[in-house]
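**Q** Protein chains in written order, with the working numbering: chain A, 1 to 378; chain B, 379 to 756. We put the beta carbon where it would ideally sit given N, CA and C, even for glycine. Please see the structure below; I have some questions.
There are 2 protein chains.
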Amino acid sequence: MALPHRLGQESILNAYRKSIGQRRHELTTPALILDLNFLRQNIETMAAWTRRHSKVRPHAKAHKCVEIARLQVAAGAVGITAATVWEALAMACAGLDNILIANELMGPEKLKRLAESARETKVLVAVDSSAAGEALARAAVAAGATIGVLVDIDVGLHRGGVRTCGEASALAAALSRLPGIALRGVMGYEGHVVMEPDRALRARKAAEAMERLMGCLEGLEHAGFEIEIVSAGSTNTYDMTGAHPRVTELQAGSYVLMDATYAPLTPAFKPALSMLATVVSRNERTAILDCGTKVMAMDLGPPAPVEPCAKIRAVHEEHTLLDMEDHERLRVGEPVEMIVGYCSGTANLNDVYHVVEDGRVVDVWPILARGPGRSGVV
Amino acid sequence: MALPHRLGQESILNAYRKSIGQRRHELTTPALILDLNFLRQNIETMAAWTRRHSKVRPHAKAHKCVEIARLQVAAGAVGITAATVWEALAMACAGLDNILIANELMGPEKLKRLAESARETKVLVAVDSSAAGEALARAAVAAGATIGVLVDIDVGLHRGGVRTCGEASALAAALSRLPGIALRGVMGYEGHVVMEPDRALRARKAAEAMERLMGCLEGLEHAGFEIEIVSAGSTNTYDMTGAHPRVTELQAGSYVLMDATYAPLTPAFKPALSMLATVVSRNERTAILDCGTKVMAMDLGPPAPVEPCAKIRAVHEEHTLLDMEDHERLRVGEPVEMIVGYCSGTANLNDVYHVVEDGRVVDVWPILARGPGRSGVV
């Protein structure tokens with residue numbers, strides 16, 4: 001079946017663009033709203049901090065949006081971090097340069113596409129096995145490109161990364177013998193630390209993780225490897241990890257949008273992302289809203305209603321159930337706004353950001369490389 | 379910024395279509411795989427059952443796919459159920475007729491779009507308040523259309539629906555006085571029952587829910603309302619609720635794709651949906667796969683690895699951590715398949731189904747009306 005032409009993504013974007021000029025609460029719901037002032041504040045807060053400490057290479061997984069990445073780079077970011085080849089390609093297609101994929105990669109098409117983009121864009125990839133390094137090298141050679149690599153070191157998350165400094169040195173040696181790739185540094189993401197609510201404890205755990213990373217770094221330098229990049233850090237540890245003298249750059253992402261889960265841990269950044277919904281049903285106790293897990297990710301926590309004294313009872317696929325103290329508030333048809341619970345997963349579920357300034361939509365920004373990744377990239 | 383033309387959704391679909399002819403395990407990962415034989419079996423199992431009992435109006439929320447809906451209608455489904463206006467429009471645009479939106483609706487654009495489509499397509503909507511009925515009537519009159527309505531009765535889920543039979547009768551009376559809408563029946567979705575693992579207890583709870591629905595139905599008929607449609611049921615209660623002599627149609631959805639969560643409760647249907655991933659990192663204990671919650675919804679439960687003796691330790695945003703008994707299995711670069719944990723949410727996260735028969739991709743079917751709903755609809 002041939003799809004009708006109106007299924008084009010440009011048409012989708014044009015449909016959303018009709019909301020430009022509308023008031024925040026007039027939008028067709030559910031609508032993901034990005035407060036431009038808070039976004040700018042968050043970018044400036046991070047920029048001010050990085051002028052005095054390590055640099056930031058903001059993680060695009062948190063927003064998947066070229067327009068946001070450009071603002072971050074304009075404010076001094078050294079480049080962009082990506083979780084997938086498709087996020088990296090989306091950024092590279094839009095002219096952003098110096099992109100780190102902070103995950104291990106395998107698969108012929110993905111490596112080929114990455115290697116081809118590396119002919120025009122500076123690309124870095126995390127590697128934790130010689131098998132992955134060899135596959136990357138083959139793709140780089142076939143494309144006539146050079147791909148930079150960071151040795152990924154497990155500093156406690158126990159996901160990717162080599163487990164010991166011995167392994168790190170052996171891998172670095174193997175990688176530096178391969179054609180088409182260039183060893184540029186190390187990476188150690190302390191993801192196991194970032195949700196620790198006690199700030200002092202979080203700082204101690206982050207310091208321990210960095211000690212592991214630095215141990216391996218010293219070993220590599222002792223063995224004669226030149227280490228230019230030391231990448232680590234997250235939004236909730238930016239001012240801990242990023243203050244370490246040997247960390248050259250942070251891969252924090254969430255700070256730019258923030259959310260109801262991260263904001264209490266790192267109040268320096270302001271939640272800029274909210275979901276607008278409409279009350280579609282009401283009984284004495286509960287207002288039923290027309291948004292649920294198909295537009296709001298709950299990986300780390302639920303959204304937070306802006307409405308005072310309203311409490312989330314449940315979030316279903318297409319509904320949020322909001323228990324109300326005041327029986328007269330939130331009648332059928334009224335708009336309701338909630339701070340997004342988890343920005344990265346929620347961005348992945350939505351087509352666009354409705355960019356709002358002074359209460360009105362001033363622009364609509366597409367969200368790219370969603371789900372399996374081809375959306376907006378091909 | 380104008381987006382480059384390659385961002386078109388048709389281009390996305392064409393990119394995926396390049397996989398047609400590929401072997402199941404050669405696909406670029408993560409890839410959502412639909413086993414055509416199991417899909418056909420599930421459709422036939424439901425069709426055989428509904429030939430002897432109530433009819434089925436399959437819920438498109440479970441698949442968001444025109445091609446699947448067409449197969450269901452060809453096998454005897456009376457129409458299609460949808461969760462949102464956008465799902466309904468996606469189905470209507472593809473020529474599917476007789477569509478029930480089994481949720482309350484509000485919002486001027488959505489009601490306008492629905493009313494306009496009701497000029498060409500038979501449309502039914504659940505209503506539980508006179509405010510929603512009046513808004514629907516205004517939109518129908520403005521579009522010169524008639525929209526059918528079902529009085530939504532809360533049979534225990536406590537989400538939408540009127541709470542008492544008195545309210546149901548009062549609402550039916552109010553609705554039948556409104557222009558542009560036609561009272562066609564009642565709906566009572568027993569969503570609070572469907573995850574009860576004990577089949578006998580589930581059957582008893584479903585029967586109790588139907589008793590509530592029938593009580594209100596009798597009240598309405600006693601008051602002189604003509605009730606043509608009585609809609610209820612889900613995949614896990616299809617042979618309970620659907621055996622009730624007064625239930626005219628089921629709104630079951632998941633049965634057609636099934637998943638790791640529903641299959642143990644309702645083994646008559648076979649899991650047809652799986653996620654293909656690649657091992658991107660490996661240590662002694664764990665294989666790290668390149669798929670996570672950005673392509674697999676975890677609302678009801680995790681995916682189930684096909685690989686024997688492999689156990690899900692965690693599902694992160696872009697990774698699944700698979701603990702392995704056998705240290706030699708699943709090396710870096712190998713493909714891994716998992717039965718999807720929850721089909722409806724997972725479909726919502728993916729661009730297409732890779733339709734597989736006899737081990738090869740035979741077609742690629744787009745997934746429409748994802749997230750906020752405009753994708754593939756506009």
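So, helix, strand or coil for residue 414 of chain B, using DSSP?
**A** Against the second sequence, residue 414 of chain B aligns to sequence position 36. Reduced to three states, the DSSP call for residue 414 of chain B is helix.
**Q** When burial is assigned at 16 or more other CB atoms within 10 Å of the CB, is residue 168 of chain A buried or exposed?
**A** Numbered from 1 along the first sequence, position 168 holds the residue referred to as residue 168 of chain A. By the 10 Å Cβ count, residue 168 of chain A comes out buried.
**Q** First and last residue of the alpha helix (DSSP H) that includes residue 87 of chain A?
**A** Within the first sequence, residue 87 of chain A is the residue found at index 87, counting from 1. Residue 87 of chain A -> alpha helix (DSSP H) spans 85-93.
**Q** In whole angstroms, what is the alpha-carbon distance linking residue 358 of chain A and residue 101 of chain A?
**A** Stepping through the first sequence from its first residue, residue 358 of chain A is reached at position 358. Stepping through the first sequence from its first residue, residue 101 of chain A is reached at position 101. Roughly 36 Å separates the two Cα atoms.
**Q** Whole angstroms are fine: how far does the CA of residue 413 of chain B sit from the CA of residue 734 of chain B?
**A** Numbered from its first residue, the second sequence carries residue 734 of chain B at position 356. Numbered from its first residue, the second sequence carries residue 413 of chain B at position 35. Rounded to whole angstroms, residue 734 of chain B to residue 413 of chain B spans 5 Å at the Cα level.
**Q** Rounded to whole angstroms, what is the Cα-Cα separation between residue 75 of chain A and residue 584 of chain B?
**A** Within the first sequence, the letter at position 75 stands for residue 75 of chain A. Within the second sequence, the letter at position 206 stands for residue 584 of chain B. Each residue's Cα considered, the two are about 58 Å apart.
**Q** Per the contact definition of three or more C-beta pairs closer than 8 Å, is the region 249-256 of chain A in contact with the region 54-67 of chain A?
**A** The region 54-67 of chain A, when compared against the region 249-256 of chain A, does touch it at the 8 Å Cβ threshold.
**Q** Can you name the residues that DSSP bridges to residue 314 of chain A?
**A** Here residue 314 of chain A refers to the residue found at position 314 of the first sequence. Looking at the DSSP assignment, residue 314 of chain A forms a beta bridge with A:321.
**Q** Do residue 379 of chain A and residue 334 of chain A have their C-beta atoms within less than 8 Å of each other?
**A** A question about residue 379 of chain A goes unanswered here, because the residues of chain A that appear run from 1 up to 378.
**Q** With residue 492 of chain B and residue 502 of chain B assumed to form a contact (beta carbons below 8 Å), what rounded beta-carbon distance in angstroms separates them?
**A** Here residue 492 of chain B corresponds to residue number 114 of the second sequence, with the count starting at 1. Here residue 502 of chain B corresponds to residue number 124 of the second sequence, with the count starting at 1. Not a contact, Cβ separation roughly 11 Å.
**Q** To test your reading of the DSSP string, which unbroken beta strand (DSSP E) runs of 3 or more residues are found completely within the region 184-267 of chain A?
**A** Those beta strand (DSSP E) runs which fall completely within the region 184-267 of chain A and span 3+ residues are 229-232.
**Q** So is residue 255 of chain A in contact with chain B if we call contact Cβ pairs under 8 Å?
**A** Within the first sequence, numbered from 1, the residue matching residue 255 of chain A stands at position 255. Answer no: the Cβ-Cβ gap between residue 255 of chain A and chain B never drops below 8 Å.
**Q** Determine the contact status of residue 646 of chain B and residue 417 of chain B, defining contact as a CB-CB distance below 8 Å.
**A** The residue given as residue 646 of chain B occupies position 268 in the second sequence. The residue given as residue 417 of chain B occupies position 39 in the second sequence. Not closer than 8 Å, so no.
**Q** Looking at the C-beta of residue 711 of chain B, does it have a partner C-beta in chain A at a distance below 8 Å?
**A** Along the second sequence, one-based indexing puts residue 711 of chain B at 333. So, interface residue.
**Q** In chain B, which residues lie less than 7 Å from residue 394 of chain A when you measure between Cβ atoms?
**A** Beyond the ends of chain A as shown, which are 1 and 378, falls residue 394 of chain A; an answer cannot be given.
**Q** Cutting at 6 Å between CB atoms, please list the residues of its own chain near residue 474 of chain B, excluding the five before and the five after it.
**A** For the purposes of this step, residue 474 of chain B is taken as residue 96 along the second sequence, with counting starting at 1. Cβ within range, chain order: 447 and 458.
**Q** If the cut-off is 7 Å on Cβ atoms, which residues from the region 158-169 of chain A count as contacting chain B, listed in chain order?
**A** Against chain B - using a Cβ distance shorter than 7 Å - the residues of the region 158-169 of chain A are 159, 160 and 163.
**Q** Should residue 147 of chain A be labelled buried (16 or more other beta-carbon atoms within 10 Å of its own) or exposed?
**A** Numbered from its first residue, the first sequence carries residue 147 of chain A at position 147. Burial call: buried.
**Q** How do the region 184-192 of chain A and the region 221-241 of chain A stand: do at least 3 beta-carbon pairs fall below 8 Å, yes or no?
**A** They touch, by the three-pair rule.
**Q** Out of curiosity, what's the CA-to-CA distance linking residue 676 of chain B and residue 719 of chain B?
**A** In the second sequence, counting from the first residue as 1, residue 676 of chain B sits at position 298. In the second sequence, counting from the first residue as 1, residue 719 of chain B sits at position 341. Whole-angstrom Cα-Cα distance: 7 Å.
**Q** I'd like to know if the region 671-688 of chain B and the region 696-710 of chain B are in contact, where contact means that at least 3 CB-CB pairs between them fall below 8 Å.
**A** With a cut-off of 8 Å, the region 696-710 of chain B and the region 671-688 of chain B count as touching, because enough Cβ pairs lie within range.
**Q** Can you give me, in chain order, the residues of the region 96-107 of chain A that have a beta carbon less than 7 Å from any beta carbon in chain B?
**A** Those residues of the region 96-107 of chain A that come within reach of chain B (Cβ to Cβ, closer than 7 Å) are 103, 104, 105, 106 and 107.
**Q** Distance cutoff 8 Å, beta carbons only. Does residue 345 of chain A sit that close to anything in chain B?
**A** For the purposes of this step, residue 345 of chain A is taken as the residue at position 345 of the first sequence. Chain B contact via Cβ: present.
**Q** Going by beta-carbon coordinates alone, are residue 688 of chain B and residue 700 of chain B separated by less than 8 Å?
**A** Residue 688 of chain B sits at position 310 when you count from the first residue of the second sequence. Residue 700 of chain B sits at position 322 when you count from the first residue of the second sequence. Contact: yes.
**Q** Using beta-carbon positions only, say whether residue 186 of chain A and residue 213 of chain A come within less than 8 Å of one another.
**A** As a first step, residue 186 of chain A is located in the first sequence; it is residue number 186 there, counting from the start. As a first step, residue 213 of chain A is located in the first sequence; it is residue number 213 there, counting from the start. Yes; because the gap between Cβ atoms is below 8 Å, this pair is in contact.
**Q** So residue 441 of chain B packs on residue 725 of chain B, CB below 8 Å; how close in whole Å?
**A** Locating residue 441 of chain B in the second sequence gives position 63, counting from the first residue. Locating residue 725 of chain B in the second sequence gives position 347, counting from the first residue. Their Cβ separation, rounded to whole angstroms, is 6 Å, which keeps residue 441 of chain B and residue 725 of chain B in contact under 8 Å.
**Q** Note down the Cα distance separating residue 578 of chain B from residue 618 of chain B, rounded to an integer number of angstroms.
**A** On the second sequence, position 200 is the one that residue 578 of chain B refers to. On the second sequence, position 240 is the one that residue 618 of chain B refers to. Spanning the two alpha carbons is a distance of roughly 10 Å.
**Q** Measure the alpha-carbon distance for residue 576 of chain B versus residue 532 of chain B and round it to whole angstroms.
**A** Position 198 of the second sequence, counted from the start, is the residue given in the question as residue 576 of chain B. Position 154 of the second sequence, counted from the start, is the residue given in the question as residue 532 of chain B. Going from the Cα of residue 576 of chain B to the Cα of residue 532 of chain B covers about 23 Å.
**Q** Any idea what DSSP makes of residue 307 of chain A, helix, strand or coil?
**A** By one-based count along the first sequence, residue 307 of chain A stands at place 307. Looking at residue 307 of chain A - three-state DSSP - the assignment turns out to be coil, as it is neither helix nor strand.
**Q** Using the C-alpha atoms, what's the distance from residue 731 of chain B back to residue 750 of chain B?
**A** As a first step, residue 750 of chain B must be located in the second sequence, where it is residue number 372. As a first step, residue 731 of chain B must be located in the second sequence, where it is residue number 353. Their backbone Cα atoms lie some 20 Å apart in a straight line.
**Q** Out of curiosity, what's the CA-to-CA distance linking residue 14 of chain A and residue 66 of chain A?
**A** Taking the first sequence and counting its residues from 1, one reaches residue 14 of chain A at position 14. Taking the first sequence and counting its residues from 1, one reaches residue 66 of chain A at position 66. Approximately 17 Å between the Cα atoms of the pair.
**Q** Would you say residue 180 of chain A and residue 140 of chain A are within 8 Å of each other, going by their C-beta atoms?
**A** The sequence position of residue 180 of chain A within the first sequence is 180, counting from 1. The sequence position of residue 140 of chain A within the first sequence is 140, counting from 1. Cβ distance < 8 Å, so residue 180 of chain A and residue 140 of chain A count as in contact.
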